[in-house]
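Q: In my numbering, the protein residues as written are 29 to 69.
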């Protein structure tokens, strides 16, 4: 992520930065920023 930390696999094609908690979505082999992490069930 932007903080220079490796992203953590959040499952379901989602990746999270452990430092900023920003969430990214994997689409077509690319990461798209999804914004701040929200607690989803």
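Even for Gly, the Cβ is constructed at its ideal location relative to N, Cα and C.
This one's a predicted model, so the numbers in the text were calculated from it and none came from an experiment.
#1: Please classify residue 29: does DSSP put it in a helix, a strand, or coil?
#2: Expressed to the nearest angstrom, what Euclidean distance is found between the alpha-carbon atoms of residue 69 and residue 38?
#3: Could you have a look at residue 44 and say whether DSSP puts it in helix, strand or coil?
#4: Residue range of the beta strand (DSSP E) that residue 57 falls in?
#5: Give me the Cβ distance between residue 98 and residue 61, rounded to the nearest whole Å; I'm assuming they're in contact under 8 Å.
A: For this structure:
#1: Of the three classes helix, strand and coil, the one that applies to residue 29 here is coil, per DSSP.
#2: In this prediction, residue 69 scores a pLDDT of 45, lower than 50, which makes its location untrustworthy; the coordinate-derived value is nonetheless stated afterwards. Cα to Cα, the separation comes out at about 12 Å.
#3: It is a strand residue.
#4: Taken as a continuous stretch (DSSP letters only), residue 57 belongs to no beta strand (DSSP E), as it is neither H nor E.
#5: The structure shown does not extend to residue 98, since the chain spans only 29 to 69, so no value can be given for it.
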